[in-house]
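Visitor: Counting along the sequence shown from 1, when you hit position 489 you're at 561 in the working numbering, and nothing is skipped either side.
A virtual CB, placed ideally from N, CA and C, is assigned to each residue, including glycine.
This one's a predicted model, so the numbers in the text were calculated from it and none came from an experiment.
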Amino acid sequence: MTELLEYREFPVQKAAAIACFGPAFAFLTLVIVRLTRGELFRDVSAGDHLLLLGLGAAAASLGIIVLGLVLPRVRNLYMVMVLSAIGTPALSLVLSFVEVPPDYVWTAHVAYVGFCFVFLTLTLGSMSILLNEIVVIRYRARIVMIAMLVMLLLSFVYVLLGTMSIDVMSTESPIAQTVAIVGVLLATVVRPWRWERHPLTVSEDVQRFFVPTFFVLASFMLWYFSTQMNIRNMFAIVGEEFTTLGEYSGLSVYEPLMLAAGAAVGGLLADVKGRKTAFNSVVLMVGLLAIFGTTMYGIETREVSPGTYEPVVVLNAVPLLLAERFVEGFMLVLLAVLIWPEVGSPKTRARRLATVWLFFVGYMALFWAADLGAFGWSVPEAIGLYGREFAILLSLMGLYLTANVPEILDREIELEELELNFDEELVEDTVEAFVGADDFESIRSQLQIMEGTVETPDGPLDVMSKDFNKVLPMRSIPGIGVRMEERLFKAGYKSAAQLAGETPQRLAAKVEGLSVKRAQRILRAARERVKDVFERMSHQSSSRSDK
Numbered sequence: 073m074t075e076l077l078e079y080r081e082f083p084v085q086k087a088a089a090i091a092c093f094g095p096a097f098a099f100l101t102l103v104i105v106r107l108t109r110g111e112l113f114r115d116v117s118a119g120d121h122l123l124l125l126g127l128g129a130a131a132a133s134l135g136i137i138v139l140g141l142v143l144p145r146v147r148n149l150y151m152v153m154v155l156s157a158i159g160t161p162a163l164s165l166v167l168s169f170v171e172v173p174p175d176y177v178w179t180a181h182v183a184y185v186g187f188c189f190v191f192l193t194l195t196l197g198s199m200s201i202l203l204n205e206i207v208v209i210r211y212r213a214r215i216v217m218i219a220m221l222v223m224l225l226l227s228f229v230y231v232l233l234g235t236m237s238i239d240v241m242s243t244e245s246p247i248a249q250t251v252a253i254v255g256v257l258l259a260t261v262v263r264p265w266r267w268e269r270h271p272l273t274v275s276e277d278v279q280r281f282f283v284p285t286f287f288v289l290a291s292f293m294l295w296y297f298s299t300q301m302n303i304r305n306m307f308a309i310v311g312e313e314f315t316t317l318g319e320y321s322g323l324s325v326y327e328p329l330m331l332a333a334g335a336a337v338g339g340l341l342a343d344v345k346g347r348k349t350a351f352n353s354v355v356l357m358v359g360l361l362a363i364f365g366t367t368m369y370g371i372e373t374r375e376v377s378p379g380t381y382e383p384v385v386v387l388n389a390v391p392l393l394l395a396e397r398f399v400e401g402f403m404l405v406l407l408a409v410l411i412w413p414e415v416g417s418p419k420t421r422a423r424r425l426a427t428v429w430l431f432f433v434g435y436m437a438l439f440w441a442a443d444l445g446a447f448g449w450s451v452p453e454a455i456g457l458y459g460r461e462f463a464i465l466l467s468l469m470g471l472y473l474t475a476n477v478p479e480i481l482d483r484e485i486e487l488e489e490l491e492l493n494f495d496e497e498l499v500e501d502t503v504e505a506f507v508g509a510d511d512f513e514s515i516r517s518q519l520q521i522m523e524g525t526v527e528t529p530d531g532p533l534d535v536m537s538k539d540f541n542k543v544l545p546m547r548s549i550p551g552i553g554v555r556m557e558e559r560l561f562k563a564g565y566k567s568a569a570q571l572a573g574e575t576p577q578r579l580a581a582k583v584e585g586l587s588v589k590r591a592q593r594i595l596r597a598a599r600e601r602v603k604d605v606f607e608r609m610s611h612q613s614s615s616r617s618d619k
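1) Does the distance from the C-beta atom of Gly334 to that of Val399 stay below 8 Å?
2) From the DSSP output, in three-state form, read off Glu171 for me.
3) DSSP on Ser377, reduced to helix/strand/coil?
4) Using the rule of at least 16 other Cβ atoms within 10 Å of the residue's Cβ for burial, across every protein chain shown, is Gln300 buried or exposed?
5) Taking the Cβ atom as the reference point for each residue, do Phe93 and Val256 lie within a distance shorter than 8 Å?
6) Apart from the five residues just before and just after Phe191, which ones in its own chain have a Cβ nearer than 6 Å to its Cβ?
7) Beta-carbon separation of Ala568 and Ala591 under 8 Å?
8) Three or more C-beta pairs under 8 Å: does that hold for the region 252 to 270 against the region 364 to 380?
9) Kindly indicate the opening and closing residues of the alpha helix (DSSP H) around Lys582.
10) In the DSSP output, what is Leu387 paired with across the bridge?
11) Can you give me the C-alpha to C-alpha distance between Leu473 and Leu425, rounded to a whole angstrom?
12) Contact defined as beta carbons within less than 8 Å: I believe Leu149 pairs with Leu202. What is the distance between those atoms, to the nearest angstrom?
13) Using 8 Å as the threshold, is the C-beta distance between Ser324 and Val390 below it?
14) Taking 8 Å as the limit between beta carbons, can you name the residues of its chain near Ala332, skipping five residues before and five after?
15) Considering Cα atoms alone, identify which of Glu414, Ile253 and Ala259 is closest to Ala96.
16) Between which two residues does the alpha helix (DSSP H) holding Val216 run?
17) Let me make sure I understand the geometry here. Which of Gln577, Val583, Arg608 and Val605 has the alpha-carbon closest to that of Val274?
18) Thinking just about the alpha-carbon of each residue, which of Val231, Leu430 and Lys582 is nearest to the one in Leu560?
19) For Pro83, count the other beta carbons within 10 Å of its own beta carbon; 16 or more makes it buried, fewer makes it exposed. Which is it?
20) Give me the Cα-Cα distance between His121 and Ala446, rounded to the nearest whole angstrom.
21) What do you get for Lys86, buried or exposed, if any count of 16 or more other CB atoms within 10 angstroms of its CB means buried?
22) According to DSSP, is Val262 part of a helix, a strand, or is it coil?
23) The alpha helix (DSSP H) with Ser567 in it runs from where to where?
24) Can you find the residues in the same chain that come closer than 8 Å, C-beta to C-beta, to Ala442, ignoring five residues on each side of it along the sequence?
25) Take Leu317 as the anchor and find which of Ser133, Gly311, Arg304 and Val240 has the nearest alpha-carbon.
26) Determine the burial state of Gly119: buried for a count of at least 16 other Cβ atoms within 10 Å of its Cβ, exposed for fewer.
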């Protein structure tokens with residue numbers, strides 16, 4: 073059984089190898105978190121940390137462009153994952169032991185942050201593309217979930233050690249760097265560079281997912297900033313100061329665990345119930361946050377002494393923080409790595425992923441700029457007044473658009489569990505994607521061809537496997553001339569029988585200059601000719617056996 077058909081059992085070795093990259097993601101996440109808090113470099117001010125964060129976002133955009141243009145031409149994506157995952161922790165170790173001249177300290181900081189963001193995009197992008205070529209869709213979300221859980225649990229450990237005054241990135245105890253490098257090296261035990269890659273995908277339009285994603289992310293941003301502004305204004309009214317929900321509740325150390333819970337539920341739901349159900353769930357959760365979030369905070373007038381009343385802020389920070397982090401963890405698994413490389417043509421997978429990620433980088437840059445007050449930016453007062461209402465509206469629009477979101481998981485399983493007993497090499501040659509809109513038409517045509525004779529003896533099948541090209545060459549099919557035959561051979565089609573088992577969309581995508589309508593005409597003619605020849609050969613063989 074080849075790796076293309078590895079869907080009956082969970083791919084443990086592949087999941088373990090991908091999970092070994094979790095420590096590298098934890099280290100890269102720790103770098104970015106310290107950068108946003110102004111704690112990454114001791115000799116750099118908070119304002120310069122924000123400048124470095126902006127430069128890092130620009131470097132991430134550059135890394136995403138490289139991902140879209142270069143990775144499709146790379147044969148060994150796993151080596152790209154290894155080099156980019158090890159790159160930043162190795163550079164951190166080098167810089168911690170090498171004394172940089174004072175004139176080049178700022179340059180070293182800029183280079184370090186830039187490499188961090190570029191390597192993060194390359195590592196995550198390589199993993200996302202590679203997963204879609206080595207694992208079938210029913211296990212993919214769980215593997216991503218496991219890697220994210222390793223990352224978040226290690227992040228929790230690093231935060232916990234920080235409360236004990238242990239710096240896991242210091243020169244004295246470079247724990248995070250060492251664990252990241254060791255984790256990547258452990259993944260090589262199963263020799264992942266030998267994994268076979270297959271162009272697994274589902275023929276759908278990625279925009280049917282992207283448009284509701286835009287609305288749900290916009291709704292979440294409006295809800296977040298509206299909630300933050302309203303809570304700060306309430307504390308300002310009573311003369312107190314508010315920082316974050318984590319600090320107010322005393323649970324900031326446990327925030328990675330809350331994200332992990334959301335990631336676990338998101339990964340399991342996406343694999344067990346399908347991407348559409350998981351996608352609808354996250355849109356619904358954001359809408360519920362926008363609707364019921366205001367019930368978690370408010371101002372009450374209480375009697376502090378006989379005849380004396382003062383306004384008091386009532387803030388249920390724990391459930392509000394849990395809901396926020398749970399939704400973020402859910403979106404982390406579902407929207408960061410999954411969906412985008414799973415739908416559409418395999419040839420444009422990297423470019424499609426890069427395009428969506430560029431939008432995400434712009435979203436995060438806007439989020440950071442508004443939340444951290446970078447470059448004098450601040451959230452408009454109108455967001456605090458009307459942000460919640462618009463968040464509800466956008467979430468409802470997103471929920472309405474999810475009706476057009478296609479189901480991916482069930483459709484792929486439907487073809488996987490349909491036992492046609494085809495020769496395995498024929499399946500690998502003729503099927504590039506699991507169940508597009510016309511795949512069942514292709515299967516049905518092949519069954520009609522085989523049903524052309526009843527009780528077909530073995531003779532015709534032997535003739536088909538050896539001399540079918542002589543009996544029915546490509547050019548004998550109406551619509552295929554000399555140039556079209558050359559283009560078909562160049563696209564990998566070797567026989568008329570193989571062509572008869574194709575779909576118009578894939579044929580048009582693989583053959584240069586061929587439209588879908590013309591591909592439909594060619595396939596229709598090819599199927600009719602193959603069926604006629606198969607019947608004629610079957611009757612001839614039956615006649616010979618009777619004699």
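Guide: The structure says:
1) For the purposes of this step, residue 334 is taken as the residue at position 262 of the sequence shown. For the purposes of this step, residue 399 is taken as the residue at position 327 of the sequence shown. Contact flag set, yes.
2) Here residue 171 refers to the residue found at position 99 when the sequence shown is read from its first residue. Reduced to three states, the DSSP call for Glu171 is coil.
3) Walking along the sequence shown from the start, residue 377 turns up at place 305. Here Ser377 sits in strand by DSSP.
4) By one-based count along the sequence shown, residue 300 stands at place 228. If you draw a 10 Å sphere on the C-beta of Gln300, you find 16 or more other C-beta atoms in it, and that means buried.
5) Reading the sequence shown from its first residue, position 21 is the one you call residue 93. Reading the sequence shown from its first residue, position 184 is the one you call residue 256. Yes.
6) Numbered from its first residue, the sequence shown carries residue 191 at position 119. Hits under 6 Å: Ser156, Gly159 and Thr160.
7) To locate residue 568, count along the sequence shown from 1; it is residue 496. To locate residue 591, count along the sequence shown from 1; it is residue 519. Contact flag unset, no.
8) No, the region 252 to 270 does not touch the region 364 to 380.
9) For the purposes of this step, residue 582 is taken as the residue at position 510 of the sequence shown. Note, Lys582: alpha helix (DSSP H), Pro576 to Lys582.
10) On the sequence shown, residue 387 is found 315 positions in, with the first residue counted as 1. When DSSP reads this structure, Leu387 sits in a beta bridge with Tyr369.
11) Taking the first residue of the sequence shown as position 1, residue 473 is located at position 401. Taking the first residue of the sequence shown as position 1, residue 425 is located at position 353. When only Cα atoms are considered, Leu473 and Leu425 end up about 21 Å apart.
12) Working through the sequence shown from its first residue, we reach residue 149 at position 77. Working through the sequence shown from its first residue, we reach residue 202 at position 130. Rounded, the Cβ-Cβ distance is 5 Å, consistent with contact.
13) For the purposes of this step, residue 324 is taken as the residue at position 252 of the sequence shown. For the purposes of this step, residue 390 is taken as the residue at position 318 of the sequence shown. Against a cut-off of 8 Å, the Cβ pair of Val390 and Ser324 comes out as no contact.
14) Against the sequence shown, residue 332 aligns to sequence position 260. Excluding residues within five positions, the ones whose Cβ falls inside 8 Å are Met220, Leu221, Leu224, Leu225, Phe228 and Gly401.
15) Within the sequence shown, the letter at position 24 stands for residue 96. Measuring from the Cα of Ala96, the nearest candidate turns out to be Ile253.
16) Along the sequence shown, one-based indexing puts residue 216 at 144. Looking at the DSSP string, the run of the alpha helix (DSSP H) that includes Val216 is Ile209 to Thr235.
17) Locating residue 274 in the sequence shown gives position 202, counting from the first residue. The shortest Cα separation from Val274 among Gln577, Val583, Arg608 and Val605 belongs to Gln577.
18) As a working note, residue 560 is residue 488 in the sequence shown. Of the candidates Val231, Leu430 and Lys582, the one whose C-alpha sits nearest the C-alpha of Leu560 is Lys582.
19) In the sequence shown, counting from the first residue as 1, residue 83 sits at position 11. By the neighbour-count criterion, in which 16 or more other beta carbons inside 10 Å mark a residue as buried, Pro83 falls on the buried side.
20) Counting from 1 along the sequence shown, the entry for residue 121 is found at position 49. Counting from 1 along the sequence shown, the entry for residue 446 is found at position 374. One C-alpha to the other measures close to 10 Å.
21) The count along the sequence shown starts at 1 and reaches residue 86 at position 14. Within a 10 Å sphere around the beta-carbon of Lys86 sit 16 or more other beta-carbons, which makes this residue buried.
22) For the purposes of this step, residue 262 is taken as the residue at position 190 of the sequence shown. In the structure shown, Val262 sits in a helix (DSSP, three-state: H, G or I).
23) Here the question's residue 567 lines up with position 495 in the sequence shown. Segment: none, Ser567 is in no alpha helix (DSSP H) and carries neither H nor E.
24) The count along the sequence shown starts at 1 and reaches residue 442 at position 370. Once the five neighbours on either side are set aside, the close Cβ partners of Ala442 are Phe297, Trp449, Ser450 and Val451.
25) Numbered from its first residue, the sequence shown carries residue 317 at position 245. When only C-alpha atoms are compared, the closest one is Arg304.
26) Along the sequence shown, one-based indexing puts residue 119 at 47. Exposed, by the Cβ-count rule.
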